[in-house]
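S.K.: Take a look at the following structure, please.
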Amino acid sequence: MMKKATLILYSCIFIFFSCGVPQEEYDKLKKENESLKQEIADCQLTPVQILEQANEYNDNLEYEKSKSRLIALIEKYPKSTEARKAKRLLKKVEKEIEETKKALERDKLTENNNENFKKAISKMKKKYDVSNSVTWYSDKSSTLSGTKNFLHTYIGKKEKRKPWMGISVNHFSKEEWLFIKQIVITADGKTYTIEEENPGEFKASETEGGMREWFDRVLKEKDFEMIKQVAESKSAKLQLIGKTTTKERTISLAEKKAIKNVLNAFEALGGSLK
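Each residue of the sequence shown is one higher than the one before, counting from 3 in this note's numbering.
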(Lines of atoms letter the chains of each structure in order from A and count residues from 1; the text may use other names and numbers.)
(Lines give C-alpha, C1' and ligand atoms only; values in the text may rest on other atoms or scores of the structure.)
Protein backbone atom coordinates (compact mmCIF):
# COMPACT_ATOMS: atom_id res chain seq x y z
CA MET A 1 0.00 0.00 0.00
CA MET A 2 2.78 2.40 0.98
CA LYS A 3 4.79 1.71 -2.22
CA LYS A 4 1.69 2.26 -4.35
CA ALA A 5 0.86 5.54 -2.62
CA THR A 6 4.46 6.74 -3.00
CA LEU A 7 4.45 5.87 -6.71
CA ILE A 8 1.22 7.80 -7.30
CA LEU A 9 2.57 10.73 -5.32
CA TYR A 10 5.71 10.98 -7.45
CA SER A 11 3.64 10.55 -10.60
CA CYS A 12 1.50 13.54 -9.63
CA ILE A 13 4.59 15.65 -9.00
CA PHE A 14 6.12 14.57 -12.35
CA ILE A 15 2.94 15.42 -14.26
CA PHE A 16 2.69 18.82 -12.63
CA PHE A 17 6.25 19.87 -13.41
CA SER A 18 6.31 18.31 -16.90
CA CYS A 19 3.50 20.40 -18.32
CA GLY A 20 1.27 23.30 -17.46
CA VAL A 21 -2.06 22.41 -15.88
CA PRO A 22 -5.21 24.48 -15.29
CA GLN A 23 -5.76 25.83 -11.76
CA GLU A 24 -8.71 23.49 -11.20
CA GLU A 25 -6.60 20.47 -12.14
CA TYR A 26 -3.74 21.74 -10.01
CA ASP A 27 -6.03 22.09 -6.97
CA LYS A 28 -7.32 18.56 -7.54
CA LEU A 29 -3.78 17.16 -7.78
CA LYS A 30 -2.76 19.12 -4.70
CA LYS A 31 -5.66 17.66 -2.71
CA GLU A 32 -4.83 14.14 -3.89
CA ASN A 33 -1.19 14.76 -3.06
CA GLU A 34 -2.06 15.77 0.52
CA SER A 35 -4.29 12.72 0.85
CA LEU A 36 -1.52 10.42 -0.37
CA LYS A 37 1.01 11.98 1.97
CA GLN A 38 -1.39 11.34 4.84
CA GLU A 39 -1.77 7.71 3.73
CA ILE A 40 2.01 7.32 3.65
CA ALA A 41 2.31 8.86 7.12
CA ASP A 42 -0.43 6.56 8.42
CA CYS A 43 1.40 3.52 7.03
CA GLN A 44 4.34 4.37 9.26
CA LEU A 45 2.29 4.64 12.45
CA THR A 46 2.20 1.80 14.96
CA PRO A 47 -1.05 0.67 16.63
CA VAL A 48 0.08 2.40 19.82
CA GLN A 49 0.58 5.70 17.99
CA ILE A 50 -2.81 5.54 16.25
CA LEU A 51 -4.52 4.83 19.58
CA GLU A 52 -2.67 7.77 21.14
CA GLN A 53 -3.99 10.01 18.35
CA ALA A 54 -7.54 8.77 18.92
CA ASN A 55 -7.25 9.36 22.67
CA GLU A 56 -5.90 12.87 22.13
CA TYR A 57 -8.78 13.74 19.80
CA ASN A 58 -11.22 12.29 22.34
CA ASP A 59 -9.67 14.33 25.17
CA ASN A 60 -10.07 17.46 23.04
CA LEU A 61 -13.74 16.56 22.40
CA GLU A 62 -13.01 16.09 18.69
CA TYR A 63 -15.11 12.95 18.56
CA GLU A 64 -15.45 12.57 14.79
CA LYS A 65 -11.67 12.66 14.35
CA SER A 66 -11.26 10.20 17.21
CA LYS A 67 -13.82 7.88 15.61
CA SER A 68 -11.96 8.03 12.28
CA ARG A 69 -8.64 7.05 13.89
CA LEU A 70 -10.24 4.25 15.90
CA ILE A 71 -11.88 2.75 12.82
CA ALA A 72 -8.57 2.96 10.94
CA LEU A 73 -6.81 1.16 13.80
CA ILE A 74 -9.41 -1.60 14.02
CA GLU A 75 -9.36 -2.19 10.25
CA LYS A 76 -5.57 -2.14 9.92
CA TYR A 77 -4.59 -4.08 13.06
CA PRO A 78 -7.71 -6.15 13.90
CA LYS A 79 -5.89 -8.67 16.11
CA SER A 80 -3.80 -6.22 18.11
CA THR A 81 -4.26 -5.39 21.79
CA GLU A 82 -4.79 -1.77 20.77
CA ALA A 83 -7.67 -2.78 18.46
CA ARG A 84 -9.49 -4.31 21.43
CA LYS A 85 -9.01 -1.09 23.37
CA ALA A 86 -10.12 0.88 20.29
CA LYS A 87 -13.38 -1.06 20.08
CA ARG A 88 -14.22 -0.19 23.68
CA LEU A 89 -13.34 3.46 23.16
CA LEU A 90 -15.27 3.58 19.87
CA LYS A 91 -18.51 2.69 21.67
CA LYS A 92 -17.98 5.60 24.06
CA VAL A 93 -17.03 7.99 21.26
CA GLU A 94 -20.12 7.11 19.21
CA LYS A 95 -22.28 7.72 22.28
CA GLU A 96 -20.56 11.09 22.80
CA ILE A 97 -21.27 12.03 19.16
CA GLU A 98 -24.97 11.24 19.56
CA GLU A 99 -25.27 13.08 22.89
CA THR A 100 -23.39 16.06 21.47
CA LYS A 101 -25.88 16.37 18.62
CA LYS A 102 -28.78 16.39 21.09
CA ALA A 103 -27.13 19.00 23.33
CA LEU A 104 -26.32 21.30 20.42
CA GLU A 105 -29.90 21.02 19.16
CA ARG A 106 -31.15 22.15 22.59
CA ASP A 107 -28.76 25.12 22.51
CA LYS A 108 -29.89 26.04 19.02
CA LEU A 109 -33.47 26.47 20.24
CA THR A 110 -32.23 29.01 22.81
CA GLU A 111 -30.08 30.85 20.28
CA ASN A 112 -32.92 31.27 17.81
CA ASN A 113 -35.03 33.10 20.41
CA ASN A 114 -32.53 35.83 21.34
CA GLU A 115 -30.90 38.16 18.76
CA ASN A 116 -28.04 39.44 20.96
CA PHE A 117 -27.29 35.92 22.14
CA LYS A 118 -27.43 34.65 18.58
CA LYS A 119 -25.03 37.34 17.32
CA ALA A 120 -22.43 36.68 20.03
CA ILE A 121 -22.63 32.89 19.85
CA SER A 122 -22.52 32.85 16.04
CA LYS A 123 -18.79 33.58 16.30
CA MET A 124 -18.22 30.57 18.53
CA LYS A 125 -17.70 26.89 17.84
CA LYS A 126 -19.25 24.52 20.37
CA LYS A 127 -18.44 21.11 21.72
CA TYR A 128 -20.43 19.19 24.28
CA ASP A 129 -18.67 17.11 26.92
CA VAL A 130 -21.13 14.35 27.80
CA SER A 131 -19.09 12.99 30.71
CA ASN A 132 -19.14 16.31 32.57
CA SER A 133 -22.35 17.78 31.06
CA VAL A 134 -20.43 20.86 29.90
CA THR A 135 -20.81 22.83 26.67
CA TRP A 136 -17.49 24.34 25.62
CA TYR A 137 -17.35 27.52 23.52
CA SER A 138 -14.30 28.89 21.69
CA ASP A 139 -13.78 31.33 18.85
CA LYS A 140 -14.13 29.79 15.40
CA SER A 141 -10.55 30.75 14.60
CA SER A 142 -9.09 28.99 17.65
CA THR A 143 -7.09 25.81 17.26
CA LEU A 144 -6.42 22.91 19.61
CA SER A 145 -3.46 21.66 17.61
CA GLY A 146 -0.51 20.87 19.85
CA THR A 147 1.88 21.86 17.06
CA LYS A 148 0.72 25.50 16.94
CA ASN A 149 1.76 28.47 19.07
CA PHE A 150 -1.30 30.20 20.48
CA LEU A 151 -2.96 32.09 23.27
CA HIS A 152 -6.71 31.79 23.43
CA THR A 153 -9.64 31.91 25.81
CA TYR A 154 -12.68 29.66 25.99
CA ILE A 155 -15.94 29.27 27.91
CA GLY A 156 -17.42 26.38 29.85
CA LYS A 157 -21.16 26.28 30.61
CA LYS A 158 -23.34 23.82 32.52
CA GLU A 159 -27.11 23.91 32.31
CA LYS A 160 -28.70 26.31 34.83
CA ARG A 161 -25.27 27.55 35.95
CA LYS A 162 -23.24 30.65 35.16
CA PRO A 163 -20.43 30.18 32.65
CA TRP A 164 -16.73 30.26 33.45
CA MET A 165 -13.82 31.31 31.27
CA GLY A 166 -10.44 29.66 30.78
CA ILE A 167 -7.13 30.64 29.22
CA SER A 168 -4.88 28.36 27.21
CA VAL A 169 -1.29 28.99 26.08
CA ASN A 170 0.55 26.54 23.82
CA HIS A 171 4.18 26.52 22.65
CA PHE A 172 5.63 24.07 20.11
CA SER A 173 9.24 23.78 19.01
CA LYS A 174 11.43 21.34 17.11
CA GLU A 175 14.57 22.96 18.51
CA GLU A 176 14.64 22.92 22.30
CA TRP A 177 12.68 22.61 25.54
CA LEU A 178 11.89 25.80 27.44
CA PHE A 179 10.69 24.15 30.66
CA ILE A 180 8.35 27.09 31.24
CA LYS A 181 8.46 28.57 34.74
CA GLN A 182 6.53 31.78 34.18
CA ILE A 183 4.36 33.53 31.59
CA VAL A 184 4.50 37.31 31.24
CA ILE A 185 1.91 39.21 29.19
CA THR A 186 2.46 42.87 28.33
CA ALA A 187 -0.40 44.93 26.87
CA ASP A 188 0.10 48.63 26.07
CA GLY A 189 2.73 48.96 28.79
CA LYS A 190 0.85 47.02 31.47
CA THR A 191 2.50 43.81 32.64
CA TYR A 192 0.77 40.70 33.98
CA THR A 193 2.55 37.64 35.35
CA ILE A 194 1.20 34.09 35.40
CA GLU A 195 2.85 31.50 37.64
CA GLU A 196 1.95 28.00 38.75
CA GLU A 197 -0.63 27.94 41.53
CA ASN A 198 -0.35 24.17 41.74
CA PRO A 199 2.63 21.95 40.78
CA GLY A 200 2.33 20.58 37.26
CA GLU A 201 0.21 23.39 35.76
CA PHE A 202 2.92 24.00 33.18
CA LYS A 203 2.82 20.79 31.16
CA ALA A 204 5.19 19.33 28.57
CA SER A 205 5.30 16.34 26.23
CA GLU A 206 6.90 15.16 23.01
CA THR A 207 4.47 15.19 20.09
CA GLU A 208 4.62 14.91 16.29
CA GLY A 209 8.38 15.25 16.04
CA GLY A 210 8.68 18.19 18.39
CA MET A 211 8.36 19.47 21.95
CA ARG A 212 5.06 20.80 23.22
CA GLU A 213 4.64 22.90 26.38
CA TRP A 214 1.29 24.30 27.47
CA PHE A 215 -0.74 25.91 30.21
CA ASP A 216 -4.49 25.85 30.83
CA ARG A 217 -6.38 27.45 33.71
CA VAL A 218 -9.85 28.71 34.66
CA LEU A 219 -9.73 32.49 34.97
CA LYS A 220 -10.49 34.24 38.24
CA GLU A 221 -12.05 37.69 38.64
CA LYS A 222 -8.63 39.29 39.06
CA ASP A 223 -7.59 37.89 35.65
CA PHE A 224 -10.36 39.59 33.67
CA GLU A 225 -8.55 42.94 33.66
CA MET A 226 -5.59 41.26 31.93
CA ILE A 227 -7.76 39.55 29.32
CA LYS A 228 -9.75 42.71 28.54
CA GLN A 229 -6.53 44.73 28.32
CA VAL A 230 -5.06 42.26 25.81
CA ALA A 231 -8.24 42.25 23.71
CA GLU A 232 -8.33 46.05 23.45
CA SER A 233 -4.58 46.64 23.22
CA LYS A 234 -2.71 48.22 20.31
CA SER A 235 0.38 46.21 21.18
CA ALA A 236 0.60 43.03 23.24
CA LYS A 237 3.41 40.56 23.77
CA LEU A 238 3.67 37.09 25.27
CA GLN A 239 6.84 36.02 27.07
CA LEU A 240 7.48 32.39 27.98
CA ILE A 241 10.22 32.32 30.60
CA GLY A 242 11.93 28.95 30.77
CA LYS A 243 14.67 27.38 32.84
CA THR A 244 17.48 28.90 30.77
CA THR A 245 15.73 30.44 27.75
CA THR A 246 13.01 33.03 27.17
CA LYS A 247 10.80 33.14 24.08
CA GLU A 248 8.86 36.28 23.21
CA ARG A 249 6.34 36.91 20.47
CA THR A 250 3.67 39.43 19.55
CA ILE A 251 0.07 38.48 20.32
CA SER A 252 -1.54 38.67 16.89
CA LEU A 253 -4.53 40.74 15.82
CA ALA A 254 -6.38 37.49 15.12
CA GLU A 255 -5.75 36.27 18.67
CA LYS A 256 -6.94 39.59 20.14
CA LYS A 257 -10.07 39.57 17.99
CA ALA A 258 -10.81 35.99 19.07
CA ILE A 259 -10.44 36.95 22.74
CA LYS A 260 -12.82 39.87 22.22
CA ASN A 261 -15.38 37.54 20.62
CA VAL A 262 -15.11 35.16 23.57
CA LEU A 263 -15.59 38.01 26.06
CA ASN A 264 -18.78 39.06 24.24
CA ALA A 265 -20.06 35.49 24.20
CA PHE A 266 -19.22 35.11 27.89
CA GLU A 267 -21.47 38.05 28.78
CA ALA A 268 -24.20 36.82 26.42
CA LEU A 269 -24.17 33.50 28.27
CA GLY A 270 -24.67 35.27 31.61
CA GLY A 271 -21.08 35.77 32.72
CA SER A 272 -19.86 38.93 34.46
CA LEU A 273 -16.58 40.67 33.63
CA LYS A 274 -16.74 43.09 36.59
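Quick reminder that beta carbons are idealized off the backbone N, C-alpha and C, glycines included.
Hey, which unbroken runs of the beta strand (DSSP E) at 3 residues or more fall wholly within the segment 119-173?
M.R.: List check, beta strand (DSSP E) in window: 126-131, 136-141 and 152-159.
S.K.: Kindly indicate the opening and closing residues of the alpha helix (DSSP H) around Gln55.
M.R.: Within the sequence shown, residue 55 is the residue found at index 53, counting from 1. Unbroken alpha helix (DSSP H) run through Gln55: Pro49 to Asp61.
S.K.: Given Lys127, which residues of its chain have a CB within under 8 Å of its CB, disregarding the five upstream and five downstream residues?
M.R.: Within the sequence shown, numbered from 1, the residue matching residue 127 stands at position 125. Closer than 8 Å at the Cβ level, and outside the excluded window around Lys127, lie Tyr139, Ser140, Asp141, Lys142 and Ser144.
S.K.: Using 8 Å as the cut-off, can you tell me whether the segment 182-201 makes contact with the segment 128-137, which would need three or more C-beta pairs spanning the two stretches below that distance?
M.R.: Contact fails: fewer than three Cβ-Cβ distances are below 8 Å.
S.K.: Taking just the CA atoms, how far does Lys150 sit from Lys262?
M.R.: Your numbering for residue 262 matches position 260 in the sequence shown. Your numbering for residue 150 matches position 148 in the sequence shown. Spanning the two alpha carbons is a distance of roughly 20 Å.
S.K.: Kindly provide the ranges of any beta strand (DSSP E) runs that are 3 or more residues long and lie completely inside the segment 207-249, ordered along the chain.
M.R.: The segment 207-249 contains these whole beta strand (DSSP E) runs: 212-220 and 238-243.
S.K.: With 16 as the cutoff for other CB atoms within 10 Å, does Glu26 come out buried or exposed?
M.R.: For this step, residue 26 is matched to residue 24 along the sequence shown. The residue is exposed, with fewer than 16 neighbouring Cβ atoms inside 10 Å.
S.K.: CB-CB under 7 Å to Ala260, same chain, minus the five flanking residues each way: which ones, in chain order?
M.R.: Position 258 of the sequence shown, counted from the first residue, corresponds to residue 260. Taken in chain order, the residues that qualify are Asp141, Ser143, Ser144 and His154.
S.K.: Counting pairs of beta carbons, one from the segment 88-95 and one from the segment 47-62, are three or more of them closer than 8 Å?
M.R.: The answer is yes - the segment 47-62 touches the segment 88-95, with three or more Cβ pairs under 8 Å.
S.K.: Return the bridge partner residues of Tyr194 from the DSSP annotation.
M.R.: Here residue 194 refers to the residue found at position 192 when the sequence shown is read from its first residue. Its beta-bridge partners are Ile187.
S.K.: Roughly how far, in whole angstroms, is the beta-carbon of Lys236 from the beta-carbon of Arg251, given that I think they are within contact range, below 8 Å?
M.R.: For the purposes of this step, residue 236 is taken as the residue at position 234 of the sequence shown. For the purposes of this step, residue 251 is taken as the residue at position 249 of the sequence shown. That pair is no contact at about 16 Å.
S.K.: Alpha carbon to alpha carbon, how far is Thr83 from Val50? Give it in angstroms, no decimals.
M.R.: As a first step, residue 50 is located in the sequence shown; it is residue number 48 there, counting from the start. As a first step, residue 83 is located in the sequence shown; it is residue number 81 there, counting from the start. When rounded, the distance between both Cα atoms is 9 Å.
S.K.: Can you name the start and end residues of the alpha helix (DSSP H) that Phe181 belongs to?
M.R.: On the sequence shown, position 179 is the one that residue 181 refers to. Careful: Phe181 lies outside any alpha helix (DSSP H) and carries neither H nor E.
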